[in-house]
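Colleague: Count along the sequence shown from 1, add 686, and you get the number used in the numbering used here. Below are the structure tokens for one structure; questions will follow.
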Amino acid sequence: MVRRLLPPLGLAAALLALWEAYVAASGIAPVILPAPSAVAKVMLAEAPKFLVHAWTTSIEVVVGFVLATALGAALGVVIALSRPAGAAIYPLIIAAQVMPKVAIAPLLIIWLGFDLGPKIALTTLIAFFPIVVNTVVGMGMVRRETYNLFLSLGATGLQIFWKLRVPAALPVFFGGLKIASTLAVIGAVVGEFMGANAGLGYLLTVYVGNAGTVHAFAGIMYLTILGLCFFLLVVIVERLIVQPHLRTRVVAEAAQS
């Protein structure tokens, strides 16, 4: 694990060093491009304020992500198991995905108010599409030989679903969750841009509006850390759930051969 982290951490450190050197050599004004050291000082000095707003954004991300997961998985299962339902639902989901979410955000504020509701709704709308697609793909990744074996053993449709389709879909499903975890953070921030009184996105609009570039960069760094932590959390859950299923699947396939 540590060895896998060393290359990206080393590259990030090199890029920060180049950034610091460029700012020092060029003499560029901090209001245009602050040095990483100045950003780090603000992050440390004003950490309590940033963390309070990060907590608000985290609530929006987590709730929106959970709703997107539930909605996306349910729709994906329906589409995968029912061709008529898939033919009716899938085009509407694609249409909803290509619809500009920024244009919907003001309407969500009108409908749901100025609190967390519109941010959570926008997060759900942005994050659920990859979960739907990956659920559909994963449900179809069942080997015909294994499926026929289940039928020959008299397995019911429910048993085939839980014992065969769900384990086969898990790796692809978690791939969709990892994509959705990054989109959820974006959705929450976009919602806060449209209208909020708390959250890291709200702080960014305040700082940018007042030419507080150093503070804006600090907020961006906190958002980056939040997004990375959320992504890593999904990866950890994936390893806890998927790895045992993969080992069981390998043993079963070896026994069949």
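We treat Cβ as the ideally placed atom computed from N, Cα and C, and that holds for glycine. Note that the structure is predicted; figures quoted are calculated from it, not measured.
#1: Do three or more CB pairs link the segment 705-723 to the segment 760-778 at distances below 8 Å?
#2: Nearest to PRO930 by CA position, among HIS901, ALA854, LEU912, PHE836, is which residue?
#3: From the DSSP output, in three-state form, read off PHE800 for me.
#4: For my contact list, TYR893 and PHE736 are in at a C-beta cut-off of 8 Å; report their separation, rounded to the angstrom.
#5: What residue ranges within the segment 881-912 form continuous alpha helix (DSSP H) runs of no fewer than 4 residues, ordered along the chain?
#6: Could you give the DSSP three-state label for THR842: helix, strand or coil?
#7: On the three-state DSSP scale, how would you describe GLU706?
#8: With SER744 as the anchor, note down where its alpha helix (DSSP H) starts and where it stops.
#9: In three-state DSSP terms, what is ILE775?
#10: Which of the three DSSP states, helix, strand or coil, is assigned to ALA711?
#11: Identify, in the order they occur along the chain, each residue of the same chain with its Cβ nearer than 6 Å to the Cβ of ALA874, setting aside the five sequence neighbours on each side.
#12: With distances taken between CB atoms, is the gap from GLY881 to PHE800 smaller than 8 Å?
#13: Going by C-alpha distance, which of LEU914, LEU856, ALA884, VAL709 is nearest VAL871?
#14: If you count every other CB in all the chains shown that lies within 10 Å of the CB of LYS849, and 16 or more means buried, which is it?
#15: For the 8 Å Cβ check, are there 3 or more pairs between the segment 895-903 and the segment 836-844?
#16: Please tell me whether THR821 and ALA759 are closer than 8 Å, where the distance is taken between their beta carbons.
Modeller: On the basis of the supplied data:
#1: In short, these stretches do not touch, since the Cβ pair count stays below three.
#2: Residue 930 sits at position 244 when you count from the first residue of the sequence shown. For the residues HIS901, ALA854, LEU912, PHE836, the minimum Cα distance to PRO930 belongs to ALA854.
#3: Counting from 1 along the sequence shown, the entry for residue 800 is found at position 114. Looking at PHE800 - three-state DSSP - the assignment turns out to be coil, as it is neither helix nor strand.
#4: Here residue 893 corresponds to residue number 207 of the sequence shown, with the count starting at 1. Here residue 736 corresponds to residue number 50 of the sequence shown, with the count starting at 1. With 8 Å as the limit, TYR893 and PHE736 do not qualify as a contact, their Cβ atoms being about 11 Å apart.
#5: 886-895
#6: Position 156 of the sequence shown, counted from the first residue, corresponds to residue 842. Coil, per DSSP.
#7: The sequence position of residue 706 within the sequence shown is 20, counting from 1. Correct three-state label for GLU706: helix.
#8: By one-based count along the sequence shown, residue 744 stands at place 58. Under the DSSP assignment, SER744 falls in the alpha helix (DSSP H) whose first and last residues are 733-767.
#9: Here residue 775 refers to the residue found at position 89 when the sequence shown is read from its first residue. Helix at ILE775.
#10: Here residue 711 is taken as the residue at index 25 of the sequence shown, counted from 1. Helix, per DSSP.
#11: Indexing the sequence shown from 1 puts residue 874 at position 188. So the list reads THR743, GLU746, VAL747, LYS805, THR809, once near-sequence residues are dropped.
#12: Translated into the one-based positions of the sequence shown, residue 881 becomes position 195. Translated into the one-based positions of the sequence shown, residue 800 becomes position 114. Yes, Cβ-Cβ distance for GLY881 and PHE800 is below 8 Å.
#13: Numbered from 1 along the sequence shown, position 185 holds the residue referred to as residue 871. Of the candidates LEU914, LEU856, ALA884, VAL709, the one whose C-alpha sits nearest the C-alpha of VAL871 is LEU914.
#14: Along the sequence shown, one-based indexing puts residue 849 at 163. Exposure of LYS849 is indicated by the presence of fewer than 16 other C-beta atoms within 10 angstroms of its C-beta.
#15: No: the two stretches stay apart, fewer than three of their Cβ pairs being nearer than 8 Å.
#16: What you label residue 821 is simply residue 135 of the sequence shown in a count that begins at 1. What you label residue 759 is simply residue 73 of the sequence shown in a count that begins at 1. Yes; because the gap between Cβ atoms is below 8 Å, this pair is in contact.
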